[in-house]
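In my numbering, each number is its position in the sequence shown, counted from 1, plus 549.
All residues carry an ideal CB built from backbone N, CA and C; glycine is no exception.
Please read these numbers as outputs of a predicted model, since none were measured by experiment.
One structure is given below, encoded as structure tokens.
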Amino acid sequence: MIIAIDGPAASGKGTLARRLAVHYGLPHLDTGLLYRAVGSAALARAIPFDDADALGRIAAGLDVAALDPEALKAGPVGEAASRVAAVPQVRAALLRLQQDFARQPGGAVLDGRDIATVIAPDAQVKIFVTASPEVRAERRYREFAGRGDTASYDEVLADIRRRDERDSGRASAPLVRAPDAVLLDNSALDRDQSWQAALAIVEAKRRETGSAT
Ligand code: C5P
């Protein structure tokens, strides 16, 4: 069973994807980390965001086993990730790796922006997770503050709005709900309610498709 989870920043898709992976005993790939790694390397090497070929080469040479999720989750990396994610050469270089992960025997859970539309359009379960920008900013703000990050709520909200706009407006694999993805708006849900809603969506799909996994 392939479970594809897409949604904007801080929608809670990563948490849901991780929990679903544990629940169903499936491997999980947070595809945002790939773009974050490219963005982080571009920042470290001072590569301009319009140098598509150089960014594409970084993406092609990425060592996925060496990614450090904690370091890559820091604030400025998210913005850099969203800049490099709009570069077609970067997306092309990361495509195969994600497709291979999705198609491994037994299935997988992937979360990102284009999983249901580009990476695994054949996924049995597609969920589009979202929440209002204000609710997402509040969550991200608390998460950053917990780590000692000094960004204000307004800065976090502005960053989320900017990334939403860039991710949805880009020409290459924009963030969009696949027509057959189930919408999960968790603006008014707490973590557990959101988890129960996601689980109910997957279980309904499994019944529908008679999935044995
Ligand atoms: O999900 P996360 O916030 O870690 O993603 C960072 C950035 O990577 C996003 O803002 C988006 O631009 C990009 N991304 C993408 N496609 C994916 C996953 C992430 O374009 N499948």
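Could you check how far apart the C-beta atoms of residue i and residue j are, in whole angstroms? I think they sit under 8 Å.
i	j	result
Pro-557	Arg-711	That pair is no contact at about 11 Å.
Ala-559	Arg-689	4 Å
Thr-580	Ile-664	7 Å
Ile-551	Gln-673	6 Å
Ala-669	Ala-553	5 Å
Between which two residues does the beta strand (DSSP E) carrying residue i extend?
i	result
Phe-677	674 to 679
Asp-671	Asp-671 -> no beta strand (DSSP E), and no H or E assigned at all.
Leu-578	577 to 579
Verify whether the separation of the beta carbon atoms of residue i and residue j is less than 7 Å.
i	j	result
Arg-833	Ala-722	The requested residue 833 is not part of the displayed model; the chain covers only 550 to 762.
Leu-732	Phe-677	yes
Asp-729	Lys-675	yes
Ala-727	Thr-666	yes
Val-626	Arg-662	no
Lys-562	Asp-660	yes
Asp-734	Thr-679	yes
Ser-631	Asp-713	no
Gly-624	Ala-700	yes
Arg-719	Ala-601	no
Note down the Cα distance separating residue i from residue j, rounded to an integer number of angstroms.
i	j	result
Leu-592	Val-633	10 Å
Ala-753	Ala-608	37 Å
Ala-603	Arg-594	10 Å
Glu-692	Ala-707	16 Å
Val-587	Asp-555	20 Å
Phe-766	Leu-578	Beyond the ends of the chain as shown, which are 550 and 762, falls residue 766; an answer cannot be given.
Glu-757	Ala-747	15 Å
Ser-681	Val-725	15 Å
Is it the case that the CB of residue i approaches a heavy atom of ligand 3 more closely than 6 Å?
i	result
Asp-716	This structure does not include ligand 3; its bound ligands are ligand 1.
If you follow the alpha helix (DSSP H) that residue i is in, where does it begin and where does it stop?
i	result
Ile-607	601 to 609
Ala-737	Here Ala-737 belongs to no alpha helix (DSSP H), and DSSP marks it neither H nor E.
Asp-612	Taken as a continuous stretch (DSSP letters only), Asp-612 belongs to no alpha helix (DSSP H), as it is neither H nor E.
Practice task
Could you tell me whether the stretch 645 to 662 touches the stretch 619 to 626, using the rule of 3 or more Cβ pairs below 8 Å?
Solution key: The stretch 645 to 662 makes no contact with the stretch 619 to 626, as fewer than three CB pairs between them are under 8 Å.
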